[in-house]
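Here the structure comes first, spelled out in structure tokens, and everything after it is commentary.
Numbering (our numbering), first residue to last: 46 to 647.
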């Protein structure tokens, strides 16, 4: 149990008591007997109703932004069983922070007071109130109830409820005020750890793909927007439970006539290992739906706070989550329980994957190691999926999709905004924790952002950057050269990418539409009146005001920070506050709206 089921009990009990008191006031005979106490009984009922309303308001504020708006009303009016969820408890615990235990104790105290009042009045949950029909019995019942309200015990119960509501309101108000600062602090710690981990993964893969055919291997690293830990201080524990998805490709054509073709496409998950030889993570396996042409893979859904909403993968994280945002975890192999020896360090990942094509999901192939790191250096390797047909899977850049105006990207107005914000949030958040690593070009463009096409179906839920680990140079793109007159090259390029994504076309095409004489986009065009006014006109129909402000922040870097560098902690916090967080919030709202529309249609 989460410990918050008490809130549901209180929400259910208040209306029962109030209804019971109102029930006794109905009927001419009852009113005649009560006329001496009518005013007192009415005031008592009103006081209880007031405390009920105050408690409901507190609960509504507590749930706002944590569960979908369509569910809040149900959790307040029909609370039975809806407050027992562990995931909801994690999010509320993060919101209440150090006050979580005090909040629980206060609600427990209020529950005991309500229970005592119900016993005194003889009211039972889920049982109808029987008003005696005989006048003598009714008179005794009326007298008994009125005596209850005259006792000092009742005044103590009412004071307990009032004081409890006062305490809960103050606790919630102070925590809501501090929540943005805590959120930024926790997210900052998560991003710093992830940056180190991402660098280690690159080094570990590089050392384990040092085979003779390494130049044929393309590594696609999945981007994601990390979610918050369930409470501040748990950031490292959260990241240790994450799976980092990597899709590896091998091009048989690069072998130049050699016979060895060990694998074509492999999707693997990397998980940080606690011990050199064994991984010690306790997970519960659940089945997932396999993609077309793949085998059934067992995995585990990590209940974050999800998608790390994280919000991870963010696209699958509904607001009922945040979702935002929960990555699946794989069960680990902890020894010789099935006659399989402990996995060892992998010197040649290419050879290891070639030799064990049937073992997916639960089998740990071994560990890849970053020998240059002192922490976060060892990662267990799990094969999730594979494809032996070189034409079965492929990567497609965002730029290609925009140039081809691929209608599948934004099918339906309901999903258009949600898809755009999912991709935008994933890229923006990834910049913060991949900046300075080998995974991310300094001048990111739509040419550097990839999606997987599996058996003809594009998967927009997962966004990738691609690298050849044997290639010292980064995969560049036209229009991605450093721009001398901007404060921060990375954010400026992010702004350009967001414009293309929101307008569903490349800026080269947009330039040609505005002025056929312009053969290609140049960054200085953004500051020319004719072009900027045309762009602003188009953007007003493509994005909301908060999203347009995000784009403006990216292009102008108009933060009050001394050092406009993503290596500076103050600047990183400003980027998160004014760019990443608004994108995440708007994505969550679009998801909630989409779910609400789908709910109305069903």
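Cβ coordinates follow ideal geometry from the N, Cα and C atoms, glycine included.
Item, Value
"Cβ neighbour criterion (16 or more within 10 Å) applied to residue 329", "In this predicted model, residue 329 has a pLDDT of only 32, less than 50, meaning its place in the structure is not dependable; the value taken from the coordinates is given anyway. Answer is exposed; the Cβ neighbour count stays below 16."
"Start-end ranges of the beta strand (DSSP E) lying completely within the segment 413 to 447, minimum 3 residues", "423 to 432, 438 to 442"
"Secondary structure of residue 112, DSSP reduced to three states", "strand"
"Helix, strand or coil at residue 513 according to DSSP, with G and I counted as helix", "coil"
"Chain-order list of residues whose beta-carbon lies under 6 Å from that of residue 479 (same chain, five-residue window excluded)", "243, 485"
"Straight-line gap, residue 439 to residue 617 (C-alpha atoms, nearest Å)", "34 Å"
"C-alpha distance - residue 105 paired with residue 557, whole-angstrom precision", "51 Å"
"Three CB pairs or more closer than 8 Å across the segment 557 to 573 and the segment 619 to 631", "no"
"C-alpha distance - residue 571 paired with residue 577, whole-angstrom precision", "5 Å"
"Same chain, Cβ closer than 7 Å to residue 209, neighbours up to 5 away in sequence not counted", "151, 154, 155"
"Coil, strand or helix - residue 127 by DSSP", "coil"
"Rounded straight-line distance, which links the Cα of residue 118 to that of residue 94", "18 Å"
"Sub-7 Å separation of residue 649 and residue 249 beta-carbons", "Because the chain is modelled from 46 through 647, residue 649 falls outside the range shown and cannot be assessed."
"Inter-stretch contact at 8 Å, needing at least 3 Cβ pairs: the segment 581 to 599 / the segment 536 to 550", "yes"
"Residue 309 vs residue 432 beta-carbon contact at 7 Å", "yes"
"Local Cβ density within 10 Å of residue 533, reported as buried at 16 or more and exposed below that", "buried"
"Inter-residue Cα distance where the pair is residue 624 and residue 315", "29 Å"
"Bridge-paired residues (DSSP) for residue 581", "Answer is none; residue 581 lacks a bridge partner."
"Sequence-distant residues of the same chain with beta carbon closer than 6 Å to residue 58, five excluded per side", "159"
"CB of residue 121 within 7 Å of CB of residue 101, strictly", "yes"
"Beta bridge counterpart(s) of residue 390 as assigned by DSSP", "412"
"Residue nearest to residue 555 in terms of C-alpha spacing, selected from 235, 448, 400", "448"
"Residue 488 beta carbon less than 7 Å from that of residue 538", "yes"
"Every unbroken alpha helix (DSSP H) inside the segment 469 to 515 [4 residues or more]", "none"
"Assigned secondary structure, residue 282 (DSSP; H/G/I helix, E/B strand, else coil)", "helix"
"Contact set for residue 212: own chain, Cβ-Cβ below 6 Å, skip 5 residues either direction", "151"
"Continuous beta strand (DSSP E) stretch holding residue 541: start and end", "Element bounds for residue 541: not the beta strand (DSSP E) but the alpha helix (DSSP H), 534 to 548."
"Residue environment, residue 215, which counts as buried when at least 16 other CB atoms sit within 10 Å", "exposed"
"Which residues DSSP lists as bridging residue 243, in chain order", "Paired residue(s): none; residue 243 is not in a bridge."
"Euclidean distance between Cα positions of residue 630 and residue 163", "42 Å"
"Contact belief for residue 466 with residue 635 at Cβ below 8 Å, rounded distance in angstroms", "6 Å"
"Short Cβ contact (7 Å threshold) for residue 217 with residue 511", "no"
"Residue of 254, 265, 237 minimising C-alpha distance to residue 284", "237"
"Residue 468 and residue 508 closer than 7 Å at C-beta", "yes"
"Backbone CA spacing between residue 411 and residue 239 [nearest angstrom]", "22 Å"
"Exposure label - residue 553; buried when at least 16 CB within 10 Å", "buried"
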